[in-house]
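**Q**
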Amino acid sequence: MPPKNQAGPRPFTPAAPDGERTQGFFRAALAVGLLGLGLYILSDFLRALVWAVVLSIALWPLYQRALRFSPPGRHNILWPALFTGLVALALLLPVLALAVEALREAHDVLAYAREAERNGIPVPDVVAHLPYGAQAVTDWWNAHLAHAGWAQELSERLNTASNRDLGRNVGKGVVHRLVLVAFCLLALFFLFRDGRALAEQSLTASRRLFGSHGERVARQMAASVHGTVDGLVLVGLGEGVLLGIVYYFAGVPHPVLFGAVTAVAAMIPFGAPLAFGLAALLLVTKGAVVPAVVVAAAGFVITFVADHFVRPALIGGTTQLPFLWVLLGILGGVETFGLVGLFVGPAVMAALILLWRDFTGTKDAPAAAK
Numbered sequence: 002m003p004p005k006n007q008a009g010p011r012p013f014t015p016a017a018p019d020g021e022r023t024q025g026f027f028r029a030a031l032a033v034g035l036l037g038l039g040l041y042i043l044s045d046f047l048r049a050l051v052w053a054v055v056l057s058i059a060l061w062p063l064y065q066r067a068l069r070f071s072p073p074g075r076h077n078i079l080w081p082a083l084f085t086g087l088v089a090l091a092l093l094l095p096v097l098a099l100a101v102e103a104l105r106e107a108h109d110v111l112a113y114a115r116e117a118e119r120n121g122i123p124v125p126d127v128v129a130h131l132p133y134g135a136q137a138v139t140d141w142w143n144a145h146l147a148h149a150g151w152a153q154e155l156s157e158r159l160n161t162a163s164n165r166d167l168g169r170n171v172g173k174g175v176v177h178r179l180v181l182v183a184f185c186l187l188a189l190f191f192l193f194r195d196g197r198a199l200a201e202q203s204l205t206a207s208r209r210l211f212g213s214h215g216e217r218v219a220r221q222m223a224a225s226v227h228g229t230v231d232g233l234v235l236v237g238l239g240e241g242v243l244l245g246i247v248y249y250f251a252g253v254p255h256p257v258l259f260g261a262v263t264a265v266a267a268m269i270p271f272g273a274p275l276a277f278g279l280a281a282l283l284l285v286t287k288g289a290v291v292p293a294v295v296v297a298a299a300g301f302v303i304t305f306v307a308d309h310f311v312r313p314a315l316i317g318g319t320t321q322l323p324f325l326w327v328l329l330g331i332l333g334g335v336e337t338f339g340l341v342g343l344f345v346g347p348a349v350m351a352a353l354i355l356l357w358r359d360f361t362g363t364k365d366a367p368a369a370a371k
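So the number in the working numbering is just where the residue sits in the sequence shown, counting from 1, plus 1.
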C-alpha cells in the first residue's frame, strides 16, 4: 500500500509549452491556408494589384510632396483621386491617340482595299531594287496579289465561323483587360489614400517575422522599384522623345506615333532597336535610303548611351546592384510575369543580393561583378 502522505494519480494535463506550440502550429497552418485561399480567389487580379503597388511606390515621393504642399482633408480623397486620375489619363491618352489615328487612316485604307480588290495590288517599286530574289518576289506577287479577285479567293479560304469565334474572343479579351485596368486604378486610389498606414503595417510585419533584416529587405525592394522606374520609364521616355525628333526631320510617317512606340519599346531591354529599325525600314520602302541610315545611326547612338551609361547609373545607384543582375532580373521578370516583371524582377534580385551580402558579411558587390 502506498504511504498515506503520497498523493494519488493526477489527471493528465498537457504542459503549457506543448500547448502553446500546438496552438502556434495551427495558427500558422490556418494563416498559410487562408493566404493560399486568398491568392487563389484573387488569382485573376493579382497582376493588376501588383501594377497598382508598383505605380503607388513609384509615385509615392511625388505624392508626398503634394501632401506637404496642400495637406489632405479629413477624408483624404482629393489627392488620391487626382493622382489616380492622372495615371488613368496617362494610360488612356495613348490608346485614344491610336484610336483617333486609326479612324483617320480608316477611310484611306478602305479605299485602298476596294481598289486592290478590283484591280489587285501592283508590285512595289522597292522589289525591283532588291539585291537578291527580286524576280522570284515579283513572280510570286503577280501570281497571288497583282490580279483582281485575290481578296475573294482569300475570303473563301477563311472560315466564317472561325472569324466569328475570333471576334468574340477578342471582344472578351478587351472587356477583361478593361476590368483589370479599372481594378488597378481602384486599388491605386486606396493605396494612395491609406499608403502610409499600409507601409507601416508592412514594415511591422516584416520586422516581426524576419527581424531587422526583414525591414531592410522591404525597404530595399521599394528602393529598387524607384530605381527601375527611373532607369526604365524615364530613360525610355527620353529615348522616345529624342528619336521622335529624328523621325520628324527624317520624314518618317506619323513621327509622334512612332516616337510613342519607341518610348514604350525602349523600356524593355533591346526593344528600342526594333522600333527605330521598323522606322528605317519604312523609309527604305519609300526610297529614302539616306534618311533611313540617319535614323538607324541616331537610334544606335542614343540607345547605346542610354543603355550603357544613363540606365546603369540610375538603376544600379539606387538598387546597389551590379547592372548584370539588374538586366537578368528585368529579362527574367518579363519572361515570367510579363510587363510587370520589369519592376518585380529587379526588386526580387535586390532582395536576394541584400540577403546574400548579409549572409556573407559583405556590404559591396565584388569588384569583378561591377
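Backbone N, C-alpha and C define an ideal beta-carbon position, used for all residues, glycine too.
Predicted model, so just to flag it, every value in this text is computed and none were measured.
#1: Between the beta-carbon of Phe301 and the beta-carbon of Pro313, is there less than 7 Å?
#2: The alpha helix (DSSP H) spanning Leu57 covers which residue range?
#3: Would Ile316 pass as a contact of Gly228 if the rule is Cβ separation under 7 Å?
#4: Can you tell me whether DSSP reads Thr361 as helix, strand or coil?
#5: Given a cut-off of 7 Å, decide if Ala59 and Ser225 are closer than it, judged by their beta-carbon atoms.
#6: Could you give the first and the last residue of the continuous alpha helix (DSSP H) run that contains Val285?
#7: Span of the alpha helix (DSSP H) holding Ala264?
#8: Rounded to whole angstroms, what's the CA-CA distance from Leu94 to Pro254? Just pull it up for me.
#9: Consult DSSP for Arg75 and reduce its assignment to one of helix, strand or coil.
#10: Anyone know if the C-beta pair for Leu56 and Leu189 falls short of 7 Å?
#11: Taking the Cβ atom as the reference point for each residue, do Ala293 and Glu240 lie within a distance shorter than 7 Å?
#12: For Val262, tell me which candidate among Phe277, Pro270, Met350, Gly252 has the shortest Cα-Cα distance.
#13: Please return the same chain residues whose Cβ sits closer than 6 Å to the Cβ of Thr307, not counting the five positions on each side in sequence.
#14: Measuring alpha carbon to alpha carbon, tell me which residue in Gly174, Arg220, Ala223, Leu282 is nearest Tyr248.
#15: Just how far apart, CA to CA, sit Leu343 and Leu332?
#16: So, with DSSP's three-state summary, where would you put Pro123?
#17: For Gly245, which of helix, strand or coil comes out of DSSP?
#18: Determine contact between the stretch 73-80 and the stretch 345-364, defined as no fewer than three beta-carbon pairs at a distance below 8 Å.
#19: Determine the extent of the alpha helix (DSSP H) in which Ser386 is found, giving its start and end residues.
#20: Taking Cβ positions, are Ala264 and Leu233 nearer each other than 7 Å?
#21: If you reduce the DSSP assignment to three classes, tell me which class Gly252 lands in.
**A** Working from what's here:
#1: no
#2: Correcting the residue type first, residue 57 is Ser in the shown sequence and not Leu. Where Ser57 is concerned, the enclosing alpha helix (DSSP H) stretches over 47-70.
#3: yes
#4: helix
#5: no
#6: 273-286
#7: 256-267
#8: 20 Å
#9: coil
#10: yes
#11: no
#12: Phe277
#13: Position check: residue 307 holds Ala in this sequence, whereas Thr was assumed. For Ala307, where only same-chain residues beyond five positions count, the Cβ hits under 6 Å are Val236, Glu240.
#14: Leu282
#15: 7 Å
#16: coil
#17: helix
#18: no
#19: In the structure as shown, the chain begins at 2 and stops at 371. Residue 386 is therefore absent and cannot be evaluated.
#20: no
#21: coil
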